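Enquirer: These protein sequence lines map, in sequence, to chains A and B. The working numbering puts the first residue of the first sequence at 1, with every later residue one more than the last. The working numbering puts the first residue of the second sequence at 1001, with every later residue one more than the last. Got a structure here, written out as structure tokens. Questions coming.
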Amino acid sequence: MPGDLRKSARFKGKYTQLLVPIIAIAVLVIFNLIRDSSFFSIALTTNNDGNIVFTGNLISILNSASELAILAMGMTLVTSASGGQDISVGATAAIAGSVFVKVLRGGEITPLTIILGFLACCVVAVIFGAFNGALVAVFDIQPMIATLILFTCGRSIAYWINGGATPTVSDPIIKAIGGFIPGIPIPTPVFIVILCSLVFALLFRFTNLGFYTQAVGINQKAARLNGISSTGIKLLAFIILGVCVAVAGCIRTSRLGLINHETILSGIEMDAILAVAIGGNALSGGKFRMAGSVIGAYAIQALTTTLYAMKVSSTEIQAYKAVVIILLVVIGSPVVKDAAARFWARHARKTRLSL
Amino acid sequence: MNTNRQIPGALGRRREPLTDTQLLLTITICIFIAMYILAMLVWGGGFLRPQQLFDMFNNNASLIIISCGLTIVMVAGGIDISVGGITALVVMSCVVHLDNFGGSIFTSVLLALGIGLAFGLVQGYLIAYLKIQPFIVTLAGMFFARGMTTVVSVEPHSAKHAGFLALKALRIEIPWLGYTAKNGNIIPGRLEIGVVIALAVVLLVFILLKWTKLGRNLYAVGGNPQSALMLGINVKRSRFYSYLISGLLAGIGGFVFLTHTGAGNATNATGAEMNAIASSIIGGTLLTGGVGNVIGTLFGVLTLTTIKSIVLASGLRDPWWQSITTGAMLCLFILLQSVVLAGRRKGRTRVRTAVPKRFRLQRKT
């Protein structure tokens, strides 16, 4: 029936984009089931702080993908609006984390100082985000080049803020933010991701942010002629990414209880860009689906955790990741897709003829 | 000076003799010379000795080679961030090959070229023919190369091969550019063997970009792929070759890196890709493609090094200052390019370029 066809076409258009990351996760799940089904076991244990918590690989995937998922959300917006990626998120997160720790170490740690520290680190991250955004939006520089500046010197700025040390913070509240709230067996970062997703969902539901961003990404001039400020939208995208970076930096700092400017969230920019790509969003900008990026982030973390479970050393993981990435993008590339479609069409015609 | 006329937008601008490429190149060279003279006047000392300049070349020979490859890719409108990883992989593989597998210098050079070519082939094919974004492909290439480096060896390796050590110790001495040490001995200026290779690469790439068909095609493809296609240029093949050359040069760069350090380490050439991109940008190559010059890239590397030396000489010895000033310089150059080129674009679209002079309204003064 034509009506059914149209419905299925709409269904296809809406959900095929999510297919790639979901298939990626499904393949990983099947692979793990065959390899070792105890991968999925979840147990209730008592951790060092005396809390009763869930442990297991699934929880660990959910937990440690939090920063990546949050960064991927912001990165999706930037990618969509500017058609480029921000490669300075890791470095900016190091700066944000350093500011957070600096404020906390300034005096006694109370809930108020933690909120103050978070606000300060938000402000700093937003300033750096706006710096990137201004270069991209006002001076019309390619995002990768504009963010290369902070990528080069961001970690050194964090080093400078710390005064050449790697300061630590230890406080029950900080532990609760990065680990578990006493009495709740699910890690807190998971709730923060849910909160962020909710905020973005509400933003897209009740404002035109998503719509305008896609308009700017698809055709900047057309968007401008329709009264959308492309400069403003791009700037806004980078500022929102700045807030995401601040949140991710605070989570990671609280999780570790210390800030090491060299290693904190190093290489996360690449993972975040990958999450966006695996989520089926075009890296050249335009239409986007944030859910795809978030699922993509969990797919990447699932891959990493699987490799760790297979006793692959942390440095060698990169090589395996690269192979998987290349396979994914080759499958998703337009040339291969066209060839596959042509092959299927020919195949279908042949079977019809033989019938 | 008319050879760069193929760049889009350069048509019909008879009054302005400088193309974008030449303008940016001139700016870079002027800034480098000004900076070096400033350093000589203010800090004197080491900057007055020719050896300071030679050491810049000695320490950065591999970076110069890598940057040349990156300039080619960027002129063709792409990006290659796998070069640092390839360099590290080549260094590690060559050391292990020389020491543990009884390789000779010749076979290790072949190994270096082979690794570089293999990366260039695969990445070029994926980017040019399967049309995958270059950033993603070369990012995966970087991950793969870095991962493979640790697969080859996790521990740092120092080369013990006698022939190789002789090659490493080989210096080209230039007596008349030496200086007199405190005890009265004349120490001649010394250049490493890698510098000769680097300068040869710069010359070859310059010739390639300026006077060969492939080179001119690369400018056309980077400037506007659509028009290049309509002119009958094989866009896919040109792009493919750009990545192939970049991979090959990264392989050569890796071997030169080895002749400088003599040791393989998993963290070798960390951030080399970003330094190479920064050098190319400072040298006047635009990431949008179609504009760039390899001589500028050479000066870009020297400028970056001079900044670092000046930071050290001026007493900012804390480890973070070097990269903060590098970032600041990069920011300055990017903004400068953006502003200069935007100004030129504005001038170019004025009506006078479209209307012949005799039909133009004369403004009375």
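Each residue gets a CB set at the ideal place from its N, CA and C atoms; glycine is no exception. Predicted, not measured: the structure shown is a model, and the values here were computed from it.
Using a Cβ cut-off of 8 Å, pull out every chain B residue sitting near Asp140/A, in sequence order please.
Expert: Position 140 of the first sequence, counting from 1, holds the residue named residue 140/A. The contacting residues are Ser1338 and Ala1342.
Enquirer: What are the complete beta strand (DSSP E) segments, minimum 3 residues, inside the stretch 1130-1182 of chain B?
Expert: 1171-1180
Enquirer: To be precise: take each residue of the stretch 1133-1151 of chain B, compare its Cβ to all Cβ atoms of chain A, and keep it if any distance is under 9 Å. Which residues remain?
Expert: Gln1133, Phe1135, Ile1136, Val1137, Leu1139, Ala1140, Gly1141, Met1142, Phe1143, Phe1144, Ala1145, Arg1146, Gly1147, Met1148, Thr1149, Thr1150 and Val1151
Enquirer: For Asp171/A and Met1035/B, I'd like the C-alpha separation in whole angstroms.
Expert: One-based indexing of the first sequence puts residue 171/A at position 171. One-based indexing of the second sequence puts residue 1035/B at position 35. Rounded to whole angstroms, the separation of the alpha carbons of Met1035/B and Asp171/A is 50 Å.
Enquirer: At a CB-CB cut-off below 9 Å, which residues of chain A make contact with Ile1334/B?
Expert: The residue you call residue 1334/B lines up with position 334 of the second sequence. Ile1334/B reaches chain A at Leu135, Phe139, Ile141, Ile145, Ala146, Leu148 and Ile149, counting residues in chain order whose Cβ is nearer than 9 Å.
Enquirer: Assuming contact is defined by CB atoms lying nearer than 8 Å, are Gly154/A and Ile259/A in contact in what I supplied?
Expert: Looking up residue 154/A in the first sequence gives position 154. Looking up residue 259/A in the first sequence gives position 259. For Gly154/A and Ile259/A, no; Cβs fall outside 8 Å.
Enquirer: Span of the alpha helix (DSSP H) holding Phe204/A?
Expert: One-based indexing of the first sequence puts residue 204/A at position 204. Element bounds for Phe204/A: Thr188 to Phe206.
Enquirer: Identify whether Ala1263/B lies in helix, strand or coil by the three-state DSSP scheme.
Expert: Numbered from its first residue, the second sequence carries residue 1263/B at position 263. In this structure, Ala1263/B counts as strand in the three-state DSSP scheme.
Enquirer: For a cutoff of 8 Å on Cβ pairs, would you count Ala1162/B as touching chain A?
Expert: Position 162 of the second sequence, counted from the first residue, corresponds to residue 1162/B. For Ala1162/B, the answer is no, since every Cβ of chain A falls outside 8 Å of its Cβ.
Enquirer: Since Ala125/A and Val245/A should fall inside the 8 Å C-beta cutoff, what is the C-beta to C-beta distance between them, to a whole number of angstroms?
Expert: Sequence index remark: in the first sequence, residue 125/A carries index 125 (1-based). Sequence index remark: in the first sequence, residue 245/A carries index 245 (1-based). Indeed, because the Cβ distance is near 5 Å, the residues count as touching under 8 Å.
Enquirer: For Leu1258/B, which of Asn1060/B, Phe1101/B and Arg1317/B has the nearest alpha-carbon?
Expert: For the purposes of this step, residue 1258/B is taken as residue 258 along the second sequence, with counting starting at 1. Among Asn1060/B, Phe1101/B and Arg1317/B, the Cα nearest to that of Leu1258/B is on Asn1060/B.
Enquirer: Of all the CB atoms in chain B, is at least one closer than 8 Å to the CB of Gln318/A?
Expert: Numbered from 1 along the first sequence, position 318 holds the residue referred to as residue 318/A. Closer than 8 Å to some Cβ of chain B, the Cβ of Gln318/A qualifies, so yes.
Enquirer: Taking only three categories from DSSP, how would you classify Ile174/A?
Expert: Indexing the first sequence from 1 puts residue 174/A at position 174. DSSP, read as helix, strand or coil, puts Ile174/A in helix.
Enquirer: By Cβ distance, which residues of its chain are closer than 6 Å to Arg342/A, with the 5 residues on each side in sequence left out?
Expert: In the first sequence, counting from the first residue as 1, residue 342/A sits at position 342. There are no such residues.
Enquirer: Which residue from Thr1297/B, Val1256/B and His1260/B puts its Cα closest to that of Ala1276/B?
Expert: Stepping through the second sequence from its first residue, residue 1276/B is reached at position 276. Measuring from the Cα of Ala1276/B, the nearest candidate turns out to be Thr1297/B.
Enquirer: Would you check if there are 3 or more beta carbon pairs closer than 8 Å linking the stretch 127-146 of chain A to the stretch 232-248 of chain A?
Expert: Result yes; three or more Cβ-Cβ pairs closer than 8 Å.
Enquirer: Of all Cβ atoms in chain B, is any one closer than 8 Å to the Cβ of Ala270/A?
Expert: Position 270 of the first sequence, counting from 1, holds the residue named residue 270/A. The sequence as given places Met at residue 270/A; Ala does not occur at that position. Interface flag for Met270/A against chain B is set, since a Cβ pair is found closer than 8 Å.
Enquirer: Just reading off the beta strand (DSSP E) that Pro143/A is part of, what are its end residues?
Expert: As a working mapping, residue 143/A is identified with position 143 in the first sequence. Judged by DSSP secondary structure, Pro143/A falls outside any beta strand (DSSP E) and instead within the alpha helix (DSSP H) spanning Pro143 to Asn162.
Enquirer: Since Thr306/A and Leu28/A should fall inside the 8 Å C-beta cutoff, what is the C-beta to C-beta distance between them, to a whole number of angstroms?
Expert: Counting from 1 along the first sequence, the entry for residue 306/A is found at position 306. Counting from 1 along the first sequence, the entry for residue 28/A is found at position 28. Sure, about 6 Å apart at Cβ, within 8 Å.
Enquirer: Would DSSP call Arg1237/B helix, strand or coil?
Expert: Locating residue 1237/B in the second sequence gives position 237, counting from the first residue. Here Arg1237/B sits in helix by DSSP.
Enquirer: Are the CB atoms of Ala72/A and Lys234/A within a distance shorter than 8 Å?
Expert: For the purposes of this step, residue 234/A is taken as the residue at position 234 of the first sequence. For the purposes of this step, residue 72/A is taken as the residue at position 72 of the first sequence. Taking 8 Å as the Cβ cut-off, Lys234/A and Ala72/A do not qualify as a contacting pair.
Enquirer: Tell me the rounded alpha-carbon separation between Ala345/A and Val335/A.
Expert: Working through the first sequence from its first residue, we reach residue 345/A at position 345. Working through the first sequence from its first residue, we reach residue 335/A at position 335. Near 15 Å, if we compare the C-alpha coordinates of Val335/A and Ala345/A.
Enquirer: Leaving out five residues on either side along the sequence, give the residues of the same chain with a beta carbon under 6 Å from the beta carbon of Val1137/B.
Expert: For the purposes of this step, residue 1137/B is taken as residue 137 along the second sequence, with counting starting at 1. Cβ neighbours of Val1137/B beyond the five flanking positions: Gln1123, Leu1126 and Ile1127.
Enquirer: Mind checking the stretch 1311-1324 of chain B against chain A and listing, in chain order, the residues whose C-beta falls within less than 8 Å of any C-beta there?
Expert: Asp1318, Pro1319, Trp1320, Trp1321, Gln1322, Ser1323 and Ile1324
Enquirer: Judging by CA-CA distance, which residue of Gly1289/B, Asn1185/B, Arg1239/B and Leu1199/B is the nearest neighbour of Met1056/B?
Expert: Position 56 of the second sequence, counted from the start, is the residue given in the question as residue 1056/B. Nearest to Met1056/B by C-alpha distance, out of Gly1289/B, Asn1185/B, Arg1239/B and Leu1199/B, is Leu1199/B.
Enquirer: Specify, as a first and last residue, the run of the alpha helix (DSSP H) that Glu108/A falls within.
Expert: For the purposes of this step, residue 108/A is identified with residue 108 of the first sequence, where counting begins at 1. Unbroken run through Glu108/A: none, as it is neither H nor E.
Enquirer: Taking Cβ-Cβ distances shorter than 7 Å, what residues in chain A pair up with Thr1326/B?
Expert: Counted from its first residue, the second sequence places residue 1326/B at position 326. Within chain A, the residues near Thr1326/B are Thr152 and Cys153.
Enquirer: Assign Cys1331/B to buried or exposed, taking buried as 16 or more other Cβ atoms, counted over all protein chains shown, within 10 Å of its Cβ.
Expert: For this step, residue 1331/B is matched to residue 331 along the second sequence. Around the C-beta of Cys1331/B, 16 or more other C-beta atoms lie within 10 Å, and the residue is accordingly described as buried.
Enquirer: Could you confirm whether any beta carbon from chain B is found closer than 8 Å to the beta carbon of Arg102/A?
Expert: The residue given as residue 102/A occupies position 102 in the first sequence. Per the sequence shown, the amino acid found at residue 102/A is Lys instead of Arg. Answer no: the Cβ-Cβ gap between Lys102/A and chain B never drops below 8 Å.
Enquirer: Determine the extent of the beta strand (DSSP E) in which Thr46/A is found, giving its start and end residues.
Expert: What you label residue 46/A is simply residue 46 of the first sequence in a count that begins at 1. It spans Ala43 to Thr46 - the beta strand (DSSP E) in which Thr46/A sits, taken as one unbroken run.
Enquirer: If Ile251/A and Glu67/A are in contact, beta carbons under 8 Å, what's the gap, nearest whole angstrom?
Expert: Here residue 251/A is taken as the residue at index 251 of the first sequence, counted from 1. Here residue 67/A is taken as the residue at index 67 of the first sequence, counted from 1. Yes, they are in contact, since the Cβ atoms of Ile251/A and Glu67/A sit about 6 Å apart, within 8 Å.
Enquirer: Are the Cβ atoms of Phe238/A and Gly133/A separated by less than 8 Å?
Expert: Position 238 of the first sequence, counted from the start, is the residue given in the question as residue 238/A. Position 133 of the first sequence, counted from the start, is the residue given in the question as residue 133/A. Taking 8 Å as the Cβ cut-off, Phe238/A and Gly133/A qualify as a contacting pair.
Enquirer: Give me the DSSP bridge partner(s) of Glu1192/B.
Expert: Indexing the second sequence from 1 puts residue 1192/B at position 192. Glu1192/B pairs with Arg1171/B.
Enquirer: Is the distance from the Cβ of Pro1156/B to the Cβ of Gly1264/B below 8 Å?
Expert: Residue 1156/B sits at position 156 when you count from the first residue of the second sequence. Residue 1264/B sits at position 264 when you count from the first residue of the second sequence. Gly1264/B is positioned such that its CB atom lies closer than 8 Å to that of Pro1156/B.
Enquirer: With a threshold of 16 other CB atoms inside 10 Å of the CB of Gly1271/B, please say whether the residue is buried or exposed.
Expert: Here the question's residue 1271/B lines up with position 271 in the second sequence. Residue environment for Gly1271/B: exposed (fewer than 16 other C-beta atoms within 10 angstroms of its C-beta).
Enquirer: Looking at chain A, which residues of the stretch 1292-1311 of chain B have a Cβ within less than 9 Å of any of its Cβ atoms?
Expert: The residues in question: there are none.
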